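Student: To start, I am sharing the structure in question, which I have written as structure tokens.
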Amino acid sequence: ALFLLNNQILKIHPKAFRNMAKLKILHLSYNLLTQMPENLPTTIQSLRLHDNKISRLPKGAFKGMQDLNVL
1 ALFLLNNQIL KIHPKAFRNM AKLKILHLSY NLLTQMPENL PTTIQSLRLH
51 DNKISRLPKG AFKGMQDLNV L
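With full-length UniProt numbering, letter number 3 in the sequence shown gets 3, and the count goes up by one each step, no holes.
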């Protein structure tokens with residue numbers, strides 16, 4: 001699990017999660033993100049992005065995330 005809540009994060013590098021193939025819980029709420037992070041591990045089951053500045057999601061944003069059950 002990785003909890004990065006309330007850190008004023010503006011942007012996440014596309015390769016930030018590349019070595020986290022077993023990551024299941026990612027909480028990025030209460031930051032300043034304007035777009036959903038790219039290249040998230042498909043193993044994520046819980047992804048929390050609320051209270052950011054994200055206004056739209058790219059097509060296929062959750063592709064391969066078959067175990068995602070909390071958004």
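In this text, a Cβ means the ideal position worked out from N, Cα and C, and glycines have one as well.
These numbers come from a predicted model, not from an experiment.
#1: Helix, strand or coil: which one does DSSP assign to residue 18?
#2: Could you spell out the range, first to last residue, of the beta strand (DSSP E) harbouring residue 48?
#3: State buried or exposed for residue 39, treating a residue as buried only when at least 16 other CB atoms are found within 10 Å of its CB.
#4: Under the three-state reduction of DSSP, which class applies to residue 25: helix, strand or coil?
#5: Does residue 71 come out as helix, strand or coil in the three-state DSSP assignment?
Tutor: On the basis of the coordinates in this document:
#1: The residue you call residue 18 lines up with position 18 of the sequence shown. Looking at residue 18 - three-state DSSP - the assignment turns out to be coil, as it is neither helix nor strand.
#2: By 1-based counting over the sequence shown, the position of residue 48 is 48. Residues 46-48.
#3: Here residue 39 refers to the residue found at position 39 when the sequence shown is read from its first residue. By the 10 Å Cβ count, residue 39 comes out exposed.
#4: By one-based count along the sequence shown, residue 25 stands at place 25. Three-state result, residue 25: strand.
#5: Translated into positions along the sequence shown, residue 71 becomes position 71. It is coil, neither helix nor strand.
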